[in-house]
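To start, the structure itself, in structure tokens.
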Amino acid sequence: MKTLRFIGILILILGTSSLAFGIHGVDEVGGTGPFPFDASVFENLDYGIYWFGDNYENQKAKAGKSNPYFDPNKPTLIFVHGWQKDTTKRYYREAFNFVADGAPSIYYAEDWIRDGWNVGVFYWNQMADEFDVKNAEAKIWSASGPKRMRWRTPDDKYHDGPSKPASLLFYEAYRDAMQTYQGNEIRIVGHSLGNQMAIVMTKFISMAIDNNEIPGHLLPTRVALLDAFYSNYPKGYLDGRWTGEVARQYVIELRVEGVIFESYRTSSASGALLIGDENIDLHKMCAFTEIKPWYFNSIQFGYKHVAAVWHYFWSYSFSPPSIKNSSDTGASASATNERIEELMNSPKKLVHDLGLWSKTPKDDRFVYKSR
Numbered sequence: 184m185k186t187l188r189f190i191g192i193l194i195l196i197l198g199t200s201s202l203a204f205g206i207h208g209v210d211e212v213g214g215t216g217p218f219p220f221d222a223s224v225f226e227n228l229d230y231g232i233y234w235f236g237d238n239y240e241n242q243k244a245k246a247g248k249s250n251p252y253f254d255p256n257k258p259t260l261i262f263v264h265g266w267q268k269d270t271t272k273r274y275y276r277e278a279f280n281f282v283a284d285g286a287p288s289i290y291y292a293e294d295w296i297r298d299g300w301n302v303g304v305f306y307w308n309q310m311a312d313e314f315d316v317k318n319a320e321a322k323i324w325s326a327s328g329p330k331r332m333r334w335r336t337p338d339d340k341y342h343d344g345p346s347k348p349a350s351l352l353f354y355e356a357y358r359d360a361m362q363t364y365q366g367n368e369i370r371i372v373g374h375s376l377g378n379q380m381a382i383v384m385t386k387f388i389s390m391a392i393d394n395n396e397i398p399g400h401l402l403p404t405r406v407a408l409l410d411a412f413y414s415n416y417p418k419g420y421l422d423g424r425w426t427g428e429v430a431r432q433y434v435i436e437l438r439v440e441g442v443i444f445e446s447y448r449t450s451s452a453s454g455a456l457l458i459g460d461e462n463i464d465l466h467k468m469c470a471f472t473e474i475k476p477w478y479f480n481s482i483q484f485g486y487k488h489v490a491a492v493w494h495y496f497w498s499y500s501f502s503p504p505s506i507k508n509s510s511d512t513g514a515s516a517s518a519t520n521e522r523i524e525e526l527m528n529s530p531k532k533l534v535h536d537l538g539l540w541s542k543t544p545k546d547d548r549f550v551y552k553s554r
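Counted the way our numbering counts, the sequence shown spans residues 184 to 554.
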């Protein structure tokens, strides 16, 4: 009986661990959020940066073409999503509304845009639509992984994909979209597997600058890693290294060049049983914050995982949170680059202390803890 009970618990954990970073766009109470895209972007291969405007309006960036939602003189934020299991057949893309993932129904890019930011998303959702998260992860690093760069259509068919890994496609889209950029801040935000995309793409930018292929001011100012996910074990496509190991080396090198890193954890997805590498040493290199979304119950792993995204974007609308027994302020999207850099270099991390039961970041408070 004890053995059967253990097996049942193990199946539950493995199942909910999959849900933790694979399900988007299906609301338990019936809502699905906005779908501001034409069916053609799901039925044909479509990847690249889309710039957003008011009320979910958006337009794909194209090299040498002006875009109504991009001003080359404004600060710029680009978000990159992670694993997108089974989203293509539902014609779903993440578009700054996460009501389907338990969030308040808010357009989370709105305050950024009104405050003068360019806001974009790099989409690679059809390539990230794999049953196994490790197959989607491989596509970030190599075009020769287990499933190469295949992409999915709504009829559940897979098709041969590009000859370049997703991170390089991201870099090329970034290079083309930012050709005329003269603004004073660039922030890259990656969720789940997207944190790996953010790090590797930023490394590509750094290498291109070193090779005099693009100007130095295109190096991102700040990179935010939201509930980062890395799988366990060495990878053949990385010559036997772990993905987390290579990512740490890139972060070490990018920090030397002045890139600021912040990391936020909201769920146990990073240490999903038998799958995930917590990559603790990576978080020690960042301004690291543990957020406790206790408004979700113990098995709502997926909601907790996605909470990292909307909590971060929403936190821009409020002053940085307070810290218990300190006059310091905590980490958030609205925190200054200087403050995030201080926290990045601090021996302390921040742990959620108040505001755990409410979804708004407005009442959050944190406490310093040793890393």
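Note that the Cβ used here is the ideal one computed from N, Cα and C, for glycine as well.
Query, Result
"For my contact list, G236 and P251 are in at a C-beta cut-off of 8 Å; report their separation, rounded to the angstrom.", "7 Å"
"With distances taken between CB atoms, is the gap from V372 to I261 smaller than 9 Å?", "yes"
"Just checking my contact of D410 with Y447 at CB under 8 Å: how many whole Å lie between their CB atoms?", "7 Å"
"Is the stretch 268-283 touching the stretch 221-240, taking contact as three or more C-beta pairs under 8 Å?", "yes"
"Does the beta-carbon distance from R358 to A391 come in below 9 Å?", "yes"
"So, at 8 Å on beta carbons, what are the nonlocal neighbours of R431 in its own chain, with the 5 sequence-adjacent residues on each side left out?", "N462, D464, L465 and M468"
"Less than 6 Å between C-beta atoms, sequence neighbours within five positions excluded: which residues of the same chain meet that for V550?", "K507, V534 and D536"
"Would you mind stating whether A470 and I523 have Cβ atoms separated by less than 9 Å?", "yes"
"What does the alpha-carbon distance come out to for the pair G441 and M380?", "19 Å"
"According to the neighbour-count rule (16 or more other Cβ atoms, all chains shown, within 10 Å of its Cβ), is E368 buried or exposed?", "exposed"
"May I have the straight-line CA-CA distance separating V434 from G344, to the nearest angstrom?", "29 Å"
"Which of the three DSSP states, helix, strand or coil, is assigned to R297?", "helix"
"Under a three-way DSSP split, which group does T363 fall into?", "coil"
"Let me know the secondary structure DSSP gives Y418 once reduced to three states.", "First, the amino acid is wrong: residue 418 is Lys here, not Tyr. Correct three-state label for K418: strand."
"Less than 7 Å between C-beta atoms, sequence neighbours within five positions excluded: which residues of the same chain meet that for T385?", "I371, P403, V406, L437 and V442"
"Quick check on K322: does DSSP put it in helix, strand or coil?", "helix"
"At 3 residues or longer, and completely inside the stretch 446-485: list those beta strand (DSSP E) runs for me, N to C.", "470-473"
"Bridge partners for A407 per DSSP, in chain order?", "V372 and E445"
"Just verifying my parser: in three-state terms, what is the DSSP assignment at D546?", "helix"
"For S350 versus F387, is the C-beta distance shorter than 9 Å?", "yes"
"If H488 sits next to T449, beta carbons under 8 Å apart, how far is it from one beta carbon to the other, in whole angstroms?", "7 Å"
"Tell me which residue opens and which closes the alpha helix (DSSP H) that V282 is part of.", "Note, V282: premise wrong, no alpha helix (DSSP H); not H, not E."
"Return the bridge partner residues of K531 from the DSSP annotation.", "S553"
"In or out: Q362 buried (at least 16 other Cβ within 10 Å) or exposed?", "exposed"
"Near V492, which residues of its chain fall below 7 Å by C-beta distance, leaving aside the five closest residues on each side in sequence?", "F281, H374 and L409"
"With respect to the beta strand (DSSP E) encompassing F235, which residues constitute its N-terminal and C-terminal limits?", "G231 to F235"
"Looking only at its own chain, which residues have a Cβ that is under 7 Å from the Cβ of K475, when we skip the five neighbours before and after it?", "H535 and L539"
"Sort H400, D547 and Q365 by Cα distance to E473 and report the nearest one.", "D547"
"Using the Cα positions of V429 and F484, report the straight-line distance between them to the nearest angstrom.", "27 Å"
"Starting from L437, trace the alpha helix (DSSP H) in both directions and tell me its first and last residue.", "T426 to V439"
"F314: buried (16+ other C-beta within 10 angstroms of its C-beta) or exposed?", "exposed"
"Closer than 8 Å to a non-hydrogen atom of the ligand MN - does that hold for the CB of A349?", "Only the bare structure without any ligand can be found here, which leaves the ligand MN out of the picture."
"Could you tell me if T519 is buried or exposed, where buried requires 16 or more neighbouring beta carbons within 10 angstroms of its beta carbon?", "exposed"
"Tell me, please, whether the CB atom of H400 is closer than 9 Å to any CB atom in chain C?", "Here there is only one protein chain, and chain C is not present."
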